[in-house]
Each structure stands twice: as structure tokens, then as C-alpha cells.
DNA sequence: TATAGCATTTACGTAAACGTAAGTCGGGTG
DNA sequence: CACCCGACTTACGTTTACGTAAATGCTATA
């Protein structure tokens, strides 16, 4: 019944000279409410790059930070391609001003799209409400086919 | 140079005992700002049913009314499948209360989805704005790497 | 009759983000 | 030993609403 320390966990706990805490895919998935498939998919698309111990993926703190960014990007409507473009510019040894500017640029455009979407959405809601009113009225007429007001 | 009356137009003008005015696909497309492909696609999906004169499609007033409904449906976010489901229930010889109820039902659900979408959209806009603020600050720090306030 | 213009059909292609199936593997457990 | 769990890889499938050829046809006009 007792769960012994696996090789992976050994790596995470003992072989841990740099203070890294590794996480395997299952835990990672739970932590961020994504599926294993999604994590592998992101890796396949070059968005994540976990270490390997044999064939087992080990995610570091940096991987988790990246995933957070990816999920934020997705939430605000960026495509994975855009997210990748921005993330790829990250250089731990530089000022990253290029990355930051690209991010701002893309963000402004995306913000515009979102606002436009909101406008369309509001229009849609209005029109749907209007239509519902009409339909309800038709339905009422069917149910009570009396003439005009006084019943 | 003079454009003579085509067979289609003849059908529309002369062979027009019932007062129908037919429209060919090109005109129809312009009138409603859709492509020919779209009109044929809708027909293929059973959403439209124009008459035929030989192989040429002729759209009646009723077809145009249907198209309007389809486009409204799309605008408010219904799938073509849903639209078809609602339209298919239309019976010119009945009260259509079944159709109307289905429409109301679907509309209420769709309205809920739209409102939820709007909420998510607003959240996204907020988060994007926040993120942009942070990034702009980082960028400013890169440009002017002085310490804290007083320059 | 050659050409322009509008129409027709068939059918594969596209985008995004994974889902899902299928089969395999290594490690730990009773 | 038999088994289960968690992980791995490969690769086809899904969804929606058309886009985009490609090849062909009918009609009217110069």
C-alpha cells in the first residue's frame, strides 16, 4: 500500500543539487487543469520543453511559468502560434525589449479584436432578445386568438 | 449591347401568374452579401430550396425570408444545424406553436451562452489590460534602468 | 463562331486544439 | 509471477462553414 520513492521522485528529491523541483505530467496536469494530451501537444508545438528522465517528462518551475503564460494567452484569445512567437523571443540573458514590444503590439491588436467582439456580441444579444419578443408574441397570439386588446 | 430577356427573366416576368419574383443566385448573393458558395452550401444542408429552371436556381420571396432567418440565426450564434431544426418545423398550414416553442427554448439557452461569453470576454479584456500594464512597465524599466522613483 | 459572363457540379482543402484509440513499456505490489 | 498504474508514441478523427480549384454548360452579343 505504501508508495515508495520512484526514480523520478528520487531525481526530484535527491538528485536535486540546483534546488529544482520537478513535476511529472500527471501532477502538472492536475495543477493547471489541463489534460496530459494538452501538455504533450504544447510540447509538440514547441511551447514547452520539459526535461526527460528516460522517457518521462519532468517539468521545472520555469515550465510552469511558461504554462501559465500559455494559458493566459489562450484565455485572452491568442492563438498558440502567437503565444509561441512571443515566448520564443524570451532570452534570459538579455533585456527582452524585442519580446516585450512584440507582446505589446500583439496585445493591442488583440485588445481591439476583443472589443470588436464584445460589440458584436452585444448586438447579437440585442437582436436575439428582440427576436424572442416577437416569437413570444406570436406564440401568445396562437394561444389566445382573440382580437386586439379587450378579452 | 442590349440585354435581352433571358429565359430566367422570362420566367420571372412573364410566366409569373402567381406574382412571384424570382432572383438568380448572383443577385441573391449581392443582395445579402453572401457568396454563391454559401447559398449552394445552405441548399446542400437543406436550409434553402430554390426552384429550378433547368439547372439554374431561382429564389423566391420565401427563400429570401428564409435566408434572412438563417443569417439572423448565424449572427446570434446558432449553428446551421440548429437553424435547420427550427426552420424545418415551419408549416404554413399550422399554428407553428411547436416551432415557436423550440425557437424560444433554443433562444433562451443561446442567450445564456452569449451572456456567459460576454462575461468571459470582459474577463479576458481585463486580464489583457493588466498584462499590458505589466509589460509596459517592464519595457519602461529596460529603457530607463534608474532606481525607483526620483530620477 | 469566338468570347464574355454567369451558372453548374464534384470534391478536396482549411483552420485550431486537442480527443481518442491502440499498442507498448517500466516500475512497483501482493 | 501476474497485474495494475502511469506514462509513452503514433496517428487518425472531430468540428464548422465554407474556400478553392477544375472542368463544363448555356446564353447573348459582336
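Residue numbers (my numbering), protein chains in the order written: chain A, 1 to 151; chain B, 152 to 302.
We treat Cβ as the ideally placed atom computed from N, Cα and C, and that holds for glycine.
This structure is a prediction, so every number in the text was calculated from the model and none was measured.
#### Entry: Identified DSSP bridge partners for residue 209 (chain B)
One-based indexing of the second chain puts residue 209 (chain B) at position 58. Per DSSP, B:202.
### Task
Reducing DSSP to helix, strand and coil, say where residue 157 (chain B) ends up.
Translated into positions along the second chain, residue 157 (chain B) becomes position 6. Low confidence applies here, because residue 157 (chain B) scores a pLDDT of 46, under 50, leaving its location unreliable; read the following figure in that light. Coil.
### Task
Tell me whether residue 295 (chain B) is buried or exposed, calling it buried when 16 or more other Cβ atoms sit within 10 Å of its Cβ.
Mapped onto the second chain, residue 295 (chain B) falls at position 144. The residue is exposed, with fewer than 16 neighbouring Cβ atoms inside 10 Å.
### Task
Report the rounded CA-to-CA distance for residue 52 (chain A) versus residue 22 (chain A), giving the unit in angstroms.
The residue you call residue 52 (chain A) lines up with position 52 of the first chain. The residue you call residue 22 (chain A) lines up with position 22 of the first chain. When rounded, the distance between both Cα atoms is 10 Å.
### Message
For residue 258 (chain B) and residue 128 (chain A), which I take to be in contact (beta-carbon distance under 8 Å), what is that distance rounded to the nearest angstrom?
### Response
Here residue 258 (chain B) refers to the residue found at position 107 when the second chain is read from its first residue. Here residue 128 (chain A) refers to the residue found at position 128 when the first chain is read from its first residue. Indeed, because the Cβ distance is near 6 Å, the residues count as touching under 8 Å.
### Message
Am I right that residue 57 (chain A) and residue 272 (chain B) are in contact with their C-beta atoms under 8 Å? What's the rounded C-beta distance?
### Response
Counting from one through the first chain, the residue named residue 57 (chain A) turns up at place 57. Counting from one through the second chain, the residue named residue 272 (chain B) turns up at place 121. Taking a contact as a CB-CB distance under 8 Å, the pair residue 57 (chain A) and residue 272 (chain B) does not count as one, their CB atoms being some 34 Å apart.
### Task
List the residues of chain B whose Cβ lies closer than 8 Å to the Cβ of residue 97 (chain A), in chain order.
Here residue 97 (chain A) refers to the residue found at position 97 of the first chain. Ordered by position in chain B, the residues that pass the 8 Å Cβ test against residue 97 (chain A) are 290, 293, 294.
### Message
My output table needs one value for residue 76 (chain A): the three-state DSSP class, helix, strand or coil.
### Response
Counting from one through the first chain, the residue named residue 76 (chain A) turns up at place 76. Coil at residue 76 (chain A), not helix or strand.
### Query
Which word fits residue 124 (chain A), buried or exposed, when buried means at least 16 other C-beta atoms lie within 10 angstroms of its C-beta?
Counting from one through the first chain, the residue named residue 124 (chain A) turns up at place 124. Buried, since its Cβ has 16 or more Cβ neighbours within 10 Å.
### Task
Decide if residue 214 (chain B) is buried, meaning its Cβ has at least 16 other Cβ atoms within 10 Å, or exposed.
On the second chain, position 63 is the one that residue 214 (chain B) refers to. Residue 214 (chain B) should be labelled buried.
### Query
Can you tell me whether DSSP reads residue 34 (chain A) as helix, strand or coil?
As a first step, residue 34 (chain A) is located in the first chain; it is residue number 34 there, counting from the start. Coil.
### Task
Consider the Cβ of residue 110 (chain A): report whether some Cβ of chain B lies at a distance smaller than 8 Å.
One-based indexing of the first chain puts residue 110 (chain A) at position 110. With 8 Å as the cut-off, residue 110 (chain A) counts as an interface residue toward chain B.
### Query
Residue range of the alpha helix (DSSP H) that residue 94 (chain A) falls in?
Residue 94 (chain A) sits at position 94 when you count from the first residue of the first chain. Per DSSP, residue 94 (chain A) belongs to no alpha helix (DSSP H) and is neither H nor E.
### Task
Step through the CB atoms of chain B and report whether any lies within less than 8 Å of the CB of residue 40 (chain A).
On the first chain, position 40 is the one that residue 40 (chain A) refers to. The Cβ of residue 40 (chain A) sits no closer than 8 Å to any Cβ of chain B.
### Task
Starting from the C-beta of residue 237 (chain B), find all residues in its chain whose C-beta is less than 7 Å away, skip the five residues before and the five after it, and write them out in chain order.
Indexing the second chain from 1 puts residue 237 (chain B) at position 86. The answer, listed in chain order, is 250, 253, 254, 257.
### Query
How about residue 52 (chain A): is its C-beta nearer than 8 Å to some C-beta of chain B?
Translated into the one-based positions of the first chain, residue 52 (chain A) becomes position 52. No, because no Cβ of chain B sits closer than 8 Å to the Cβ of residue 52 (chain A).
#### Entry: Contact with chain A by residue 258 (chain B), beta-carbon distance below 8 Å
Along the second chain, one-based indexing puts residue 258 (chain B) at 107. Output row for residue 258 (chain B): interface = yes.
### Contacts that residue 89 (chain A) makes with chain B (C-beta to C-beta distance below 8 Å)
As a working mapping, residue 89 (chain A) is identified with position 89 in the first chain. Within 8 Å Cβ-Cβ: nothing; residue 89 (chain A) doesn't reach chain B, min ~12 Å.
### Query
the stretch 47-79 of chain A: which residues have C-beta closer than 7 Å to a C-beta of chain B, in chain order?
72, 75, 76, 77
### Query
Along chain A, which residues have their Cβ under 8 Å away from the Cβ of residue 232 (chain B)?
Working through the second chain from its first residue, we reach residue 232 (chain B) at position 81. The premise fails here: residue 232 (chain B) is roughly 17 Å from chain A at the closest Cβ pair, so nothing lies under 8 Å.
### Query
Are the CB atoms of residue 199 (chain B) and residue 217 (chain B) nearer to each other than 8 Å?
Position 48 of the second chain, counted from the first residue, corresponds to residue 199 (chain B). Position 66 of the second chain, counted from the first residue, corresponds to residue 217 (chain B). It is a contact, given that the beta carbons lie within the stated cut-off.
### Query
Based on Cα-Cα distance, which residue from A:142, A:97, A:114 lies nearest to residue 292 (chain B)?
Residue mapping note: residue 292 (chain B) aligns to position 141 of the second chain, counting from 1. For the residues A:142, A:97, A:114, the minimum Cα distance to residue 292 (chain B) belongs to A:97.
### Query
Considering only the beta carbon of each residue, do residue 282 (chain B) and residue 36 (chain A) sit closer than 8 Å?
Here the question's residue 282 (chain B) lines up with position 131 in the second chain. Here the question's residue 36 (chain A) lines up with position 36 in the first chain. Contact: no.
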